[in-house]
Each structure stands twice: as structure tokens, then as C-alpha cells.
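A.B. asks: When you line the sequence shown up against the numbering used here, it's residues 13 to 283, in that order.
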Amino acid sequence: MTSHTPVSELLSLKDRVAVVTGAAEGIGAGIARRLAEAGAKVWITDIDIDRAAATAAELVEAGYEAEAAELNVLEPDSFAALEESLRSRDLVPTIWVNNAGSYPKRAALELTATDWDRAQNINTRSAFLGAQVAGRMMVEASTPGVILNLSSIAGVRLAPANPIDYATAKAGVAMLTRNLGVEWGKYGIRVVGLAPGFVVTPGVRRTPGVNARIGNPASVPALGRQMVEDDVAKAALFLVSEMAAMISSEILVVDGGGAWNLESPSTAANR
Ligand SMILES: NC(=O)c1ccc[n+]([C@@H]2O[C@H](COP(=O)([O-])OP(=O)(O)OC[C@H]3O[C@@H](n4cnc5c(N)ncnc54)[C@H](O)[C@@H]3O)[C@@H](O)[C@H]2O)c1
Numbered sequence: 013m014t015s016h017t018p019v020s021e022l023l024s025l026k027d028r029v030a031v032v033t034g035a036a037e038g039i040g041a042g043i044a045r046r047l048a049e050a051g052a053k054v055w056i057t058d059i060d061i062d063r064a065a066a067t068a069a070e071l072v073e074a075g076y077e078a079e080a081a082e083l084n085v086l087e088p089d090s091f092a093a094l095e096e097s098l099r100s101r102d103l104v105p106t107i108w109v110n111n112a113g114s115y116p117k118r119a120a121l122e123l124t125a126t127d128w129d130r131a132q133n134i135n136t137r138s139a140f141l142g143a144q145v146a147g148r149m150m151v152e153a154s155t156p157g158v159i160l161n162l163s164s165i166a167g168v169r170l171a172p173a174n175p176i177d178y179a180t181a182k183a184g185v186a187m188l189t190r191n192l193g194v195e196w197g198k199y200g201i202r203v204v205g206l207a208p209g210f211v212v213t214p215g216v217r218r219t220p221g222v223n224a225r226i227g228n229p230a231s232v233p234a235l236g237r238q239m240v241e242d243d244v245a246k247a248a249l250f251l252v253s254e255m256a257a258m259i260s261s262e263i264l265v266v267d268g269g270g271a272w273n274l275e276s277p278s279t280a281a282n283r
């Protein structure tokens with residue numbers, strides 16, 4: 013019989029360093045809070061360093077370990093600078109969450125090549141660049157860990173009301189996750205993904221068109237209430253913890269059972 017590790021130990025992230033991108037607010041901040049609560053020292057990285065610092069300060073105030081660092085996921089040099097700061101402190105992140113992303117707003121006929129590139133770069137290339145820093149540091153230190161990528165329901169299923177540049181970028185995040193998990197399995201590194209349904213976050217509130225779904229009964233999932241950041245954060249904690257020790261190359265859907273009312277019957281039939 014295998015040894016029995018208590019659940020509290022399996023969920024503990026004590027002595028782990030976790031980096032979360034786009035963690036100043038929204039889903040990233042929610043994930044950072046749960047990881048910190050589980051004992052990780054969390055690096056709140058964001059393009060907005062002032063808000064990142066405020067979020068880190070809130071966690072420290074709550075008794076957790078957190079630090080803020082500037083990171084623009086659109087800039088490879090910015091990843092290099094973050095890697096350098098971690099190395100200068102002799103820290104090896106064994107949890108890395110590629111969360112930063114954005115919401116494109118245009119319909120296919122209005123999309124420009126610039127819109128397209130931005131959607132791919134902020135959602136997909138950023139996840140690759142982040143994973144590469146994390147993977148390199150873990151392999152060099154012989155300290156395997158876990159990389160968690162934020163895909164979306166739009167990237168794994170045919171979901172309505174999602175612009176095509178965003179949907180294809182998030183599908184890219186899903187395949188990046190699956191393939192990296194295979195490539196890096198030999199190092200003991202797990203690569204996993206989350207595909208959330210609609211969550212009302214600050215980014216959603218700010219985005220015209222997307223924010224029109226707030227309060228719309230048709231966007232409430234089968235389980236009967238709108239999702240909040242912590243619904244995604246709790247799933248993130250499970251996936252990065254030892255509870256998920258043999259889960260890799262997998263994308264977990266967190267969508268409250270789906271917002272079926274949003275879909276036309278023909279769309280649903282395509283699933
Ligand atoms: N909210 C949803 O309904 C939903 C659903 C599925 C997937 N997602 C994905 O979850 C992730 C988080 O979404 P959210 O709704 O919390 O977003 P949000 O817009 O509320 O927060 C995003 C955070 O990322 C930061 N950010 C923006 N550009 C950045 C950059 N270039 N570099 C670094 N940080 C940057 C912002 O400052 C902000 O703190 C995204 O990848 C999003 O695509 C969200």
C-alpha cells in the first residue's frame with residue numbers, strides 16, 4: 013500500500029515560490045491570494061506596478077508572503093528582467109501561473125492584422141515566454157514544479173460571443189499546455205491549464221461589449237449563479253498542488269456547467 017499523505021499536506025505550498033502574471037487584480041489576484049493562503053511566497057507581477065504593490069501589500073497585511081514586481085508580458089525583455097530579479101535573490105519559482113491576457117472586442121470583418129497579433133502575443137506568446145523562464149529555472153536547479161496557463165472556455169469549445177482572435181489565441185494556450193507537458197514530463201515538470209467560463213472581473217467590467225453580459229440571465233451558468241474569481245482560484249490551487257500530482261497536459265474547464273442559454277441549438281450541437 014502507498015503511504016497516506018494528509019490532505020492538508022497535499023494542499024500546502026509552504027516554502028514554494030509562485031509567480032503569477034497579471035496578478036494585480038481579477039482572476040490573477042484571486043489565484044495569488046489562494047496560493048499565498050496555502051503557504052507560497054507569491055510574486056504579484058503586473059504591467060501596473062502600483063496596483064500590483066497594493067495587492068501584494070493587502071496579502072502581507074493578511075499575514076501572507078507576497079512581493080510585487082513589474083512585468084509586461086508583451087515584452088520579452090521584461091520577462092528577462094523578472095528572471096534576473098529572481099536569480100539575484102536565489103529564488104526558483106516552482107509554481108508559475110501565466111494569467112495575464114486581454115479581451116479583444118472586434119468582429120471578424122473588422123479585425124486588423126495588428127489586432128490579431130496583439131491577441132496572440134498577449135495571450136499565447138506571453139504564456140510561452142513565461143513557461144520558458146519557469147522551465148529553464150526549474151531544469152537548471154533540478155527543482156521540478158508546475159506551470160499553469162489560463163486558457164478560456166473560448167479556447168477549448170465553440171463558445172458564443174467570443175471574438176475569433178481571442179478564441180484562437182486561447183486555443184493556442186491549450187495546445188501549448190498539452191505539448192509542453194509532454195516535452196517537459198521528463199524533467200518532472202507538470203504543465204496544466206484552466207478554461208474558465210464567464211467571470212465578472214475588472215477587465216470584463218471595463219470592456220464594452222463584454223460587459224454587456226453582466227447581469228444578463230443568459231450568461232448565468234447551469235449551476236445558477238455567476239462565477240467569481242475565487243471559483244477559478246480554488247481550481248488553480250488544486251491543479252498546482254500535490255493533489256494533482258499526476259495531472260499534466262490537461263485543461264480543466266471551470267464554467268459552472270456552461271451558459272447554455274447563450275447558445276443557439278446549432279452551436280450547442282457542434283460541441
Ligand atoms: N474574466 C473572464 O470571464 C475570463 C474567462 C476565461 C478566461 N479568462 C482569462 O483569465 C485571465 C485573467 O482575466 P481577468 O478577467 O482577470 O483579467 P483582468 O483584465 O481583470 O485583469 C488582468 C490583469 O492583467 C494585467 N495586464 C494587462 N496587460 C498586461 C501586460 N501586458 N503585462 C502584464 N500584466 C498585464 C492587468 O493590469 C490586470 O491586473 C486572462 O488570461 C483571461 O483571458 C478570463
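C-beta atoms are modelled at their ideal positions from N, C-alpha and C, and glycine is treated no differently.
Can you tell me which of the three DSSP states Met150 falls into?
C.D. replies: helix
A.B. asks: Against chain D, does Ala224 count as a neighbour if the rule is that its beta carbon must be under 8 Å from one of theirs?
C.D. replies: Judged by its chain identifiers, the structure shown contains no chain D, having just a single protein chain.
A.B. asks: Which of the three DSSP states is assigned to Leu98 in this structure?
C.D. replies: helix
A.B. asks: For Ala64 and Ala36, which I take to be in contact (beta-carbon distance under 8 Å), what is that distance rounded to the nearest angstrom?
C.D. replies: 4 Å
A.B. asks: Which one or two residues does DSSP pair with Lys53 in a beta bridge?
C.D. replies: Val29 and Glu77
A.B. asks: According to DSSP, is Val266 part of a helix, a strand, or is it coil?
C.D. replies: strand
A.B. asks: Would a C-beta distance cut-off of 8 Å place Val168 and Ser260 closer than the cut-off?
C.D. replies: no
A.B. asks: Using the beta-carbon count (16 or more within 10 Å), is Leu47 buried or exposed?
C.D. replies: buried
A.B. asks: Check whether the stretch 100 to 113 touches the stretch 145 to 159, counting contact only when three or more Cβ pairs, one atom from each stretch, lie closer than 8 Å.
C.D. replies: yes
A.B. asks: Check whether the Cβ of Val7 lies closer than 7 Å to any heavy atom of ligand 1, and answer yes or no.
C.D. replies: The shown model of the chain, from 13 to 283, leaves out residue 7, and the question about it has no answer.
A.B. asks: Would you say Glu37 touches ligand 1, meaning its beta carbon is less than 7 Å from a heavy atom?
C.D. replies: yes
A.B. asks: Would Met255 and Leu25 qualify as a contact pair, given that the criterion is a beta-carbon distance under 8 Å?
C.D. replies: It is not a contact, given that the beta carbons lie outside the stated cut-off.
A.B. asks: Taking Arg45 as the reference, which of Pro116, Val109 and Gly142 has the closest Cα?
C.D. replies: Among Pro116, Val109 and Gly142, the Cα nearest to that of Arg45 is on Val109.
A.B. asks: Compute the minimum distance between the beta carbon of Arg118 and the heavy atoms of ligand 1, and state whether it is under 7 Å.
C.D. replies: no
A.B. asks: Does the count of Cβ pairs from the stretch 133 to 142 and the stretch 230 to 248 closer than 8 Å reach three?
C.D. replies: Verdict: no, contact absent.
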